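Scroll down for the structure; my scribbles are underneath it.
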Amino acid sequence: MSEQPGLECFIEQVGTPRILQYVSRYCAECYGEFQEGERLYYDTQSYRYLCRECAERFAERLDEACEVVEEDQQGGLF
10 MSEQPGLECF IEQVGTPRIL QYVSRYCAEC YGEFQEGERL YYDTQSYRYL CRECAERFAE
70 RLDEACEVVE EDQQGGLF
C-alpha cells in the first residue's frame, strides 16, 4: 500500500509489457510515457492510468470516500 495519503484511492500496478502494449502507455493527465517497471496508478473513478506525480496531485483533492472535493467557486450568483 502507498505511504502518500489519498493514493489508496488508486489501484497501484507495475507497468508490465502487457499493460503498456494493450492498455495504456501514457499518463492520462500529463501524457508522460510510462516505462516498463514503473508504478502506475489506476483511477477507478475516471477509468484512467496516472503517473505517481499526477496521482499524488489528484489525491490531494479527494476525500475519505475517494470522491473529488469541489472547491468553492467565486463569482457565482449566490
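Heads up: the sequence shown at position 67 corresponds to 76 in our numbering, and the numbers run straight through without jumps.
Where is the CB? At the ideal position from N, CA and C, for every residue including glycine.
For clarity, every value in this text was computed on a predicted model and none was experimentally measured.
Beta strand (DSSP E) containing Q22: first to last residue? F19 to V23 is the span of the beta strand (DSSP E), which, as asked, contains Q22.
Proximity winner among R61, V77, E79 and V78, relative to L8 (alpha-carbon distances): It is not possible to answer for residue 8, since the shown part of the chain is limited to 10 through 87.
Helix, strand or coil at R66 [DSSP, three-state]: If DSSP states are grouped into helix, strand and coil, R66 belongs with the helices.
For R57, the residue or residues it bridges with in DSSP: Answer is D52.
Figure out for me which residue from Y58, F67 and E69 has the closest Cα to the Cα of L29. Comparing Cα-Cα distances from L29 to each of Y58, F67 and E69, the minimum goes to Y58.
If you reduce the DSSP assignment to three classes, tell me which class Y40 lands in. DSSP places Y40 in coil when its eight states are reduced to three.
Beta-bridge partners of Y31, as assigned by DSSP: DSSP, once it has assigned bridges, lists no residue as partnering Y31.
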